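A.B. asks: Using the numbering used here, you'd call the opening residue of the sequence shown number 4 and step up by one each time.
Where is the CB? At the ideal position from N, CA and C, for every residue including glycine.
A quick note: this is a predicted structure, and the numbers were derived from the prediction, not measured.
Handing you this structure, nothing more for now.
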Amino acid sequence: MGHVELPAAATAPRKTGVWNIPVDDSVVLVDDVKALKHAVHDEMERMGCGFYQRRTVAILGLGNVADAVEILAIGYILTVYEDTESKISPWESSFLTAAVFAGMLAGGFFGGILGDIYGRKPVLLTTLAINAVSAFLSAFSTSIYWLIFFRTLAGLGVGGVVSSLFALCLEHVPVSARGRYVTILCSFWMVGSVLTAATAWLMLGNDASGHRILDISWRWFAAVVGLPSFLCFLLTMWYVPESPHFLASQGKIQAVTEVLQYIHTLQESARRVQFKFTDAVDKSEFQKPAVGSLQQPEDRRRAGNAVARAMLDPERFRGIARLFHQPHVFGTLLLMLCAYCLSFGSYGLSTWITKLFQAVGLSNPFANAFLFAGANLPGNLISIYLIDVVGRKQLLSAAFFSAASCTLLFAFEVEGSATIVVLVSCMFNACTTAAWNAFGVLSAETFPLEVRTTGISLVNCCGRIGAICAQFVNGFLVGPPPHIEALLLVVTSVMVAGGIASRN
């Protein structure tokens, strides 16, 4: 039978849900959870895109801003750390820049699994809180080792944010608009990148005459970078409900109704719909709160106990095994390789960009790093226009090879024109931005709903490994003594490998 929509009786009493919204104008009868998922899909397609989708993506985009700030901030801190603190060795520098990615490795892995079990929203809120608190505490670090610890903790939050962020975006918009909205979500990385560079230039950098703009410690900068995470936490808690697709997959039919009614109201739609199981087997579902609301203490206690059990139960990891069986195994492996290569190249260069500019003799590395960050804009514009025209895979492959060409040109111009060095660096950043946008959509669409955040988290974990490797390779090659040409040739080779993998 699937699902059937029936008009509600004109004389029926009007019920209200958690959001105080009428829920009885029409009834959609479903046979089972599978039919409920199809019904939710149809309802989201009928709803289209409007104010709710734009607001949700803007709020989730702030989470992407927060991630960018957390990841990139340490490169700027590293540039001035020794001005006020003790000297650090190249290995300590490498551990410091790798710390956030090591945390992201663990956070992405467990965050994805828990997101598929307990919901996207509670995982997102928890990891955003970890981000904000860790950033603030890092400002009070008394040694390089405490700073490494707090940056690792921040990375734990960043890794957990990513999978739930993209899953929520993907599942709050119609299928026909997913490519555009996920690309817009990805583009908020540019906002975070530019915001970080501008804040670092203001708080840590010099003006045109070579004097400090603000004569303050790096600790103020470290504390400020936690603000986007805190703001996103509040806005998500207040304005972003749990994914209706996730709720449907869990059979939480009353929660699905309430979320969709909330969306319809924000869209100023006159449509009111209520979902019901035809056999009414589990009426208790109508009283269960939506996953992620957890408004009662008992709900929170049960959720906490469930998380603890999940971490100890090997059965909870069965979703990972699905990714390595047909028909998903080939796509999973290629995405893992692409994630490794893209993270190695993009995070490797962006984290060390001020150090690289210093090493090649640029007079104002913070100002040039701001230009480097601004190059995200053309990369986003190109990807937004081309992603649905040429396709995700074609755009990803072209961006990989273009980025490799840029680093090769950089390597040949290390001793040459400063203008060309900055220009090809900006072109590299634009290309990797386009690659990340294409990769974000491709990875989100490759995996089925039931293991989507697990799949995204798995490929992101490979990306974290690539980023960690890049920090140690770059830390050694930046020196002293510096081997800039060798560093750039390594990045070129890795990006070519990613381009080849993305073509399959």
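1) Mind checking whether K279 and L32 have CB atoms under 7 Å apart?
2) Taking E476 as the reference, give the member of L491, G466, C464 and L63 with the closest Cα.
3) Assign S386 to one of two classes, buried (16 or more other C-beta atoms within 10 Å of its C-beta) or exposed (fewer than that).
4) On the DSSP bridge list, what partners appear for R215?
5) So for V30, helix, strand or coil by DSSP?
6) Can you tell which of C472, V497, I151 and V68 has its C-alpha closest to the C-alpha of G229?
7) What is the rounded straight-line gap between the Cα of I133 and the Cα of F153?
8) Could you pull out every residue in the same chain whose Cβ sits closer than 8 Å to the Cβ of G106, ignoring the five residues on either side in sequence?
9) Can you say whether P125 is buried or exposed, counting buried as having 16 or more other CB atoms within 10 angstroms of its CB?
10) Which residues mark the beginning and the end of the beta strand (DSSP E) in which K279 is found?
11) Can you round the beta-carbon distance between A504 and C344 to whole angstroms, since I take them to be within the 8 Å contact cut?
12) Quick test of the definition: if touching needs 3 or more C-beta pairs under 8 Å, does the segment 59-67 touch the segment 89-97?
13) Taking only the alpha-carbon atoms, compute the straight-line gap between S225 and A76 and give it to the nearest angstrom.
14) Going by the C-beta, is L336 closer than 6 Å to any heavy atom of the ligand COA?
15) Just reading off the alpha helix (DSSP H) that K508 is part of, what are its end residues?
16) By Cβ distance below 7 Å, which residues in the same chain neighbour M193 in space, the five residues on each side in sequence not counted?
17) Compute the distance between the beta-carbons of M498 and G377, then report whether it is under 7 Å.
18) Looking only at C-alpha atoms, which of E453, P485 and T354 sits nearest to T82?
19) Closest by CA to F413, which one among S346, V494, G114 and R467?
20) List, from N- to C-terminal side, the alpha helix (DSSP H) runs of 4 residues or more that fit wholly inside the segment 385-456.
21) Inspect the CB distances between the segment 108-125 and the segment 451-462 and report whether three or more fall short of 8 Å.
22) Give me the Cα-Cα distance between H486 and L127, rounded to the nearest whole angstrom.
23) I need the DSSP call for N371, collapsed to helix, strand or coil.
24) Can you grab the Cα-Cα spacing for the pair V332 / Y84, in whole Å?
25) Can the beta-carbon of L374 be found less than 7 Å from the beta-carbon of C429?
26) Output yes or no for whether 7 Å exceeds the beta carbon distance between A362 and L399.
27) Can you give me the start and stop residues for the alpha helix (DSSP H) that R57 sits inside?
28) Tell whether a beta-carbon distance below 7 Å holds between S252 and L171.
29) Measure the CB-CB distance between F169 and I459 and report whether it falls below 7 Å.
30) Using DSSP with H/G/I as helix, E/B as strand and the rest coil, what is V135?
31) Tell me whether L108 is buried or exposed, calling it buried when 16 or more other Cβ atoms sit within 10 Å of its Cβ.
32) Grab me the residues of V227's own chain with a C-beta within less than 6 Å of its C-beta, minus the 5 sequence neighbours each way, in chain order.
33) Should L326 be labelled buried (16 or more other beta-carbon atoms within 10 Å of its own) or exposed?
34) Decide yes or no for the touch test of the segment 170-184 against the segment 197-204: beta carbon pairs closer than 8 Å, at least 3 of them.
35) Measure the beta-carbon distance from Q474 to A101 and round it to whole angstroms, keeping in mind my assumption that it falls under 8 Å.
36) Identify whether P2 lies in helix, strand or coil by the three-state DSSP scheme.
C.D. replies: If we stick to the structure as given:
1) yes
2) Note that residue 476 is Val in the sequence shown here, rather than Glu. Residue L491 is the option with its Cα nearest to V476.
3) buried
4) N209
5) strand
6) V68
7) 10 Å
8) R154, T155, L156, A157, G158, L159, G160, V161 and G162
9) buried
10) Q277 to F280
11) 7 Å
12) no
13) The residue asked about is misnamed: residue 225 is Ala in this sequence, not Ser. Roughly 7 Å between the two C-alpha positions.
14) Among the ligands in the structure shown, none appear at all, so the ligand COA cannot be discussed.
15) Past the boundaries of the shown model lies residue 508; the chain is included only from 4 to 507, so the question cannot be answered.
16) N379, L380, N383 and T436
17) no
18) T354
19) V494
20) 395-415 and 421-449
21) yes
22) 40 Å
23) helix
24) 44 Å
25) yes
26) no
27) F54 to T87
28) no
29) yes
30) The amino acid occupying residue 135 in the given sequence is Ala; Val does not appear at that position. A135: helix per DSSP, three-state reduction.
31) buried
32) none
33) buried
34) no
35) 4 Å
36) This structure gives no information on residue 2, because the portion of the chain shown stretches from 4 to 507.
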